[in-house]
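Protein sequence lines, in the order shown, are assigned to chains A, B, C and D. Read left to right, the first sequence gives residues 2 to 327 (the numbering used here). Read left to right, the second sequence gives residues 8 to 577 (the numbering used here). Read left to right, the third sequence gives residues 2 to 330 (the numbering used here). Read left to right, the fourth sequence gives residues 884 to 1189 (the numbering used here).
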Amino acid sequence: MFGKKKQAAPAVTTNPAPAEGTDWIPEGALKPIYVEESAEAEIAPYQNTWEKFWSIFKHNKVALISLIVIILYIVICVGAPLFAPYDPIETNLANGLALPSKEHLLGCDKLGRDVLSRMIYGGRISLMIGLFPTLVSMTIGTVLGITAGFLGGKVDQLIMRIADICMAFPSLLLAMVVSYTIGPGFLTIFLALSFVNWAGTARVVRSEVLSLREKEYVEAATSIGVKRWVIMLRHILPNCLPTLIVMLTNHIPGNILTESSLSFLGIGAQPPMTSWGLMVYQTKSYLDRNPTITLAPGIAILILVVAFNFLGDAVRDKLDPRLQEQ
Amino acid sequence: MKKLLAILLALALVFSMAACSSGGGGGEQPAPADGGEGEGGETAAVVYEDGFPENVLRITYQAEPESADPACTTADYILMMNCMDTLVRTETNAAGENVTVPSVAESWSVSDDGLTYSFHLRDDVKFHNGEMLTSDDVLYTVDRMLQPERAGRNSGWMDMIKGGADMLDGKIDTLEGVGIIINGDYDLDIILDAPYAPFLACLSTPAWSLCNREAGDRADEAGGGPLTSLYGSDPEYFCGSGPFMLDEWVLNDHVFLKTNPDYWRGANSMEGILIRIIPDPQTEKMLFDAGQLDIFDLDHALDQIPVYRDDPAYANNLNVKTVLGTSYLSINENIEPFNDVRVRKAFQLAIDRQTLIDTQYYGAATPAGTFLAPGVPGYDPDLGAIPYDPEQAKALLAEAGYPDGFDMEIVQTTDASTSDIEVNDAIASYLEAVGIHVTIKQMDSASWYDLRGTGESPTYRTSWTADFNDPDNFLYEMYGGSGNKRRSWNYYNEDVIKRLTDARYIVDEDERTAEYVWLDNQITREDAAMNVLWHKQKIRVLQSRVKGFVPMWAGYGDSGYYETSLELGN
Amino acid sequence: MDDTILKIRGLKTQFFTSKGVVPAVDGVDVTVRAGEAVGLVGESGCGKSMTAMSVMQLLQHPGRVVEGEIWLKDRNLLELTKREMCDVRGNEISMIFQEPMTSLNPVFTIGKQVMEAVRQHQDVSKAEAKKIAIDIFRRIGIPEPEKRFYSYPHQLSGGLRQRVMIGMAMVCNPSLMICDEPTTALDVTIEAQILYLIKEMQKEKGTAVVMITHNLGVVAESCDYVYVMYAGKIMEEASVFEIFENPTHPYTFGLLNSIPKTTEVKDHLFTIRGLVPNLLSLPKGCRFCTRCDKAMQICTEYEPDLYDIGGGHKVRCFLANKEVMESGK
Amino acid sequence: MVKYIVNRILVTIPIIIAIILIVFLLLQVLPGNPIQVMMKEKANQAVIDRVTEQMGLNDPVMVRFGRYLWGMLHGDLGHSYKLKRPVTQLIMTAFPNTVKLAITSALVAWIIGMPTGIISAIRKDTLLDRTLMGFSLVGISLPVFWAAMLLQYILGYKLKLLPISGYSTWRHMIMPAIVLGWASSGSIARLTRSSLLGVMKNDYIRTARAKGLVESAVVTRHGLKNSMIPVVTMMAMQFASLLSGAVITESVFGIGGIGQLMVSAISQRDMPLLQSSVIFSTMIIIVGNLVADILYSFLDPKIRTQ
């Protein structure tokens, strides 16, 4: 049970009164006084969601490292022109499939393009696909989930049935249909992923709302005549926030993996731009001759997704009320 | 802290995989180091994971073959080429010329007006169901294809027969007595609508694979009608007369062709052919290296070419065959500034064909100067390849009024292979160098075919391969008739187009060849109506136990394996 | 003297949290005699439940007993092996918890859960165990016990569930039953029934009872002797009669006064000012002094001992220390 | 209980109908002529037009939908453009392979996932716990195709331990099952752990301990049964999604299942095959979720006894 031996502060020691004699009794011992509560005796300061969020990293090194990794990824990819040593689409056939060297740390692809630079630029797509569709779908999901949960009745039925359909609908097919209709590319993946994921969010938010709706403070607000939408915004939304943040950290890595799968099927990022998924797919035949160019993007995905998952775990442990200790 | 350790452990696992995979690679040439194991072609005792006997030729197919029925596919001919016969065959003779030789038709003659072809059939050709092949089966083969309710995909190879169009339109029920006259069990005449010089060559295509009437009727009935006939998909109903018999078809896994012991040309020495469905070329490579495959077609795995070429164990087992076809970039003359011949010429000159071939195809192609491929009548070897001359290209652009270049689009379909995508990227960077700014536009193939059909597709890159060995199959297909618009050329030289049509009816062979030499030069060089790139080679690597393999002369990826045999181990 | 069932001496239970060591139970002495009902009273968080959990040895990480002895008859429970302790729990000492709604496993029938306790400690067949269980159900007043045997907890009312808990606790005839706020979650009408039932069972079997509660009313109704706990320590102990008649510790006084009485009309309810102190930062002197109306200078410097004021009445307050009070300083 | 199930099934029916309609319409409004795509470069326009007409593709959408539904009610899902076989036959040949893969993967996932989760929960916060959870987390974070590729390369090609591609024997299934199973086992282990930890905080666990049960009995009898409710539900849903076709794993390892059927139908624009296989796999998911719900209600007496 006791995996760690924690060095905690020793128990508070008091100053017991001697059992014998009266010499120890100080002067003025019986003077009635009014003792203020000591400052430390105050209750722990109230932490709002964001404060809680930041306090995660104080005690959890893995979460902190994950966060740093993610921020590093974002900084490098956003500032790609600053960090990439070469132009990611400039070809130099003489360098085709060059092995890693000082000039090209991760080697070159078949067209002599620097793999490191391509990874840095490709990360933009992978990250964007991880972040934006997640945000969009979660926004849609939250709005619809709150509406369904709070209004109930026919609206609820309608929204939830549509959500059921969307959840059962194969995202692959959807991506394909969108890609055939508006052409493949970033927008396609964006639309497809946004459309698929909202249903899950809506479901969770709705059930959260249903349980919150019965809570005293909402009843109280209703009874004093606060408008419904005000209740939704002011009371229900902030209470759904922990759940939403947890979902966010779960969906982002999910989407990054989905993008790489879509690239595998040719619906992902479009050349000459690239994404990590596409890079793995396109370079798989060099596994024998130049393994770095196949392994590097795969490892990049793995590390990012692992980081997001660790972060998600830490956030969940902290924010999910069901998992909290004491 | 300990979570960290866990991550490290996990990463260590992944990296050890990585290390393992790069094992031995290092700085030297990695390919031979890896390929060396298992003694390559020396075929140590291989345990076949597919469970078929040793004396079976193991090849692959990228996707499920569409059908064994000539009425059902225009792409996957492997089953027909191995299980069925045609009236005549094309063979490549010692001189490298493709000549038409007898097959089921023992002999034939053509009338002077070029309209009537009389055939005498062999009397020893037996279908797999035991029936003898007679002239009625030839009639059935044609009737079957032209039946309107069957929607025969290859009806285009037969509708030049008199009455063919009428039959497709449902006006007549059979060609018997109209376009085909049966003169006994083994003799028949085929009458054409108009003279058509390539007709004989056309008869050797898989589209003319001969079907059996009895089996055909049974298959139609079982499938619920001609459109959904089971002839080409169910071994139970399929019937051909070829060297192999369709024996087993396990969807998405394999097709097994069993040797036909009664084949009229003599039975093949192998027990059969196993066609495994392997969509992923990387998997294919692994299987080949493990000895699980006998023939590895590098067409879809170009990157493996140097691996095998540099591997002493396989270097002698490469089968290189120049494809009777040409890769090109299309030019839509309706799109400015491609209406200007100087721009088109600059477009041709801006691309370094040889370097692209060396780097992207590992030398497995020859730079092209004309649309007609070497070996096709009308090909002029003296013209040479189009040179790479970026300065001249810039000069031409300046002359045409585009000193700063211009913007253009190259369409690429979403199902393009990785190497196709890379070649397009490389081409784009060459064009960029002379000032032509390229945007690569991705489209899914259906939308693109639609767009191309309206004559409005921007430049695209594809290959044309010969169906039969005749220049008509190249030039007329592109610029004569509907192809000009349908393939988004919009080539305006009316004179040339007229001469293309007329050339179809020239009966004298030398005169005809000379005409095509002129036409090819005029279209591809003078008018620069097409940006020809290269003639690709098809490279296959064989296990050393494979003997006598003869690749198909034409542009098809598929081959017949009748000549192939296997050297069996101890 | 050997009718003592439970004797706790100098029990210290601490929680080792990341913020420091929390002395939840800080040197507690409790004695329970056979057939006696002892109350353990205090506000929530005062350590009364932790005392019980220490006796049961059901403390969860990061809590631990660091010092003291817990004698059950002639055995020191703290020296038993895990296995031996399992034989004690539910057999010799049983426990009833506050939340009848959640204290029963929702996926098993109540019959099964009671049978499980029987079969854990008695070598009986399933059929016999079932008979015993139904028998106890009948005795604790569950209507149609044969039918209810197959009920799931969610199909029962709170009162019935608490009855099941009591049944489960009594089914092995333990010598001691610890009731941790057994009626807090129940309606007032049910409360009386449950307390009556506990008393019944106690009388019938002669079981000693430790009644943990914050409600002095419950104590008055069901206990013979009372310990008042505050912040991990016993503040006052006496017989029920004595406590109600002569509450000496200001804390006890406060607790008694905060019970609304129907006989008096007051403007407002008496309350003890302030909050339960943070156990991590207790005052140096008396731990109640920050909330005490009668605090003196000495209270902030020294912590009083439990002073016997006669008749078994002990008080942890300098007011009860004659020497201090009479020192005149 | 019966009422609950019937209710749940009734709710599913309109969803199924809606999905059939949506899938059909979506695929029908796609631009381009599938026949052209299938016949590729060699296509002859006159032939394309004839085939299009013969196949009824020129009919109005609603006519085609009516025909499709009518066929569906008779067990006829149409005829594949590309493979020239009844779609029903194609699906029924592919499905057993997917089932085989699903069963092996699920077994791997369950056999690894549940014990991992339980051990992790019992040994919470120890090195063992962290290692196991790290392993699970990597499992759910791995890009499937990448892992599949590497595994195939290392185990199949380099070490020659397992067959590289195909599905004829159970040995063929090991690698794909590891790839799919690792990911699923990761989520199962994580859910098992958190669920068990959550359950172990419940009051009834304290009751069980107070009864004198030894710790192992507390965990297995009282902890596991409750914590398995969400886990079993998840396993049912995972199994359903495995049954609906593991597109990438199937294509890397050359397993002719539903996933590969769909991929080839997509790339070939084989509409009859595509719409039916998509509807089929969607149905599986819906039925799987239904089963998960029913399982849930069966395990949870609160719903069962209603």
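Cβ coordinates follow ideal geometry from the N, Cα and C atoms, glycine included.
Where C:E117 is concerned, the enclosing alpha helix (DSSP H) starts and stops at 111–122. Close partners of C:G286 in chain A (Cβ separation under 8 Å): T15, N16.
C:F254: member of the alpha helix (DSSP H) spanning 251–258, first to last residue. Here DSSP, grouped into helix, strand and coil, assigns B:D143 to helix. For D:P914, the neighbours in chain A by C-beta distance under 9 Å run, in chain order, Y181, T182.
Close CB contacts of B:D150 within its chain, under the 7 Å cut and outside five residues either way in sequence, are with T181, L182 (chain order).
A distance of 8 Å or more separates the beta carbons of C:H215 and C:G28. For the stretch 274–287 of chain B, the beta-carbon criterion of a distance under 9 Å to any beta-carbon of chain D is satisfied by R283, I284, I285, P286, D287. Remark: three or more beta-carbon pairs, one from each stretch, lie closer than 8 Å, so the stretch 364–377 of chain B and the stretch 308–325 of chain B are flagged as touching. With a threshold of 8 Å between beta carbons, D:K1185 makes no contact with chain B.
Secondary-structure assignment with DSSP links B:K545 through a beta bridge to B:K328.
Closer than 8 Å to the CB of C:L283 there is at least one CB belonging to chain A. The C-beta of A:G186 comes closer than 8 Å to at least one C-beta of chain B. Rounded to whole angstroms, B:G567 and A:N256 show a C-alpha spacing of 46 Å. Put simply, the CB of D:R1073 is far from chain B, with every gap to its CB atoms at 8 Å or more. In this structure the stretch 960–975 of chain D does not touch the stretch 1039–1048 of chain D; the number of beta carbon pairs closer than 8 Å is below three. In the three-state scheme derived from DSSP, where H, G and I count as helix and E and B as strand, A:P254 is classed as helix. Burial of A:F170 is indicated by the presence of at least 16 other C-beta atoms within 10 angstroms of its C-beta. Going by DSSP, A:M139 is part of no beta strand (DSSP E) but of the alpha helix (DSSP H) stretching over 116–152. When beta bridges are read from the DSSP output, B:P374 appears opposite B:W541. Judged by their CB atoms, B:A402 and B:A357 are not nearer to each other than the 8 Å cut-off. The three-state reading of DSSP puts D:A926 in coil, since its state is none of H, G, I, E or B.
D:L1144 is not a Cβ neighbour of D:S1124, given a cutoff of 8 Å.
Non-local C-beta neighbours of A:V210 in its own chain, meaning closer than 6 Å and more than five positions away in sequence, comprise I147, G150, F151, I237, ordered along the chain. If the five residues before and after B:L217 are omitted, its C-beta is found closer than 8 Å to the C-beta atoms of M91, D92, T93, L94, V111, L140, D144, V145, T148, G247, S248, all from its own chain and listed in chain order. A contact between stretches requires three or more CB pairs, one per stretch, nearer than 8 Å, and the stretch 99–108 of chain C meets this requirement with the stretch 139–159 of chain C. At least 8 Å separates the beta-carbon of C:F138 from that of C:R120. Per DSSP, C:V66 lies in no alpha helix (DSSP H) segment; the continuous beta strand (DSSP E) that holds it begins and ends at 64–73. Look at B:A400: its C-beta is not under 8 Å from any C-beta on chain A. Judged by their CB atoms, B:R552 and B:D301 are nearer to each other than the 8 Å cut-off. Just measuring C-alpha positions, the residue of B:L253, B:P381, B:I417 sitting nearest B:A75 is B:L253. In this chain, B:A380 is not harboured by any beta strand (DSSP E), its DSSP state being neither H nor E.
Assignment of A:C109 by DSSP, reduced to helix, strand and coil, places it in the strand class.
Counting along the chain, B:C79 sits inside no beta strand (DSSP E), nor does DSSP assign it H or E at all.
According to DSSP, B:I187 shares a beta bridge with B:E183, B:I197. At a beta-carbon threshold of 8 Å, none of the residues of chain B lie near D:N941; the nearest stands roughly 12 Å away.
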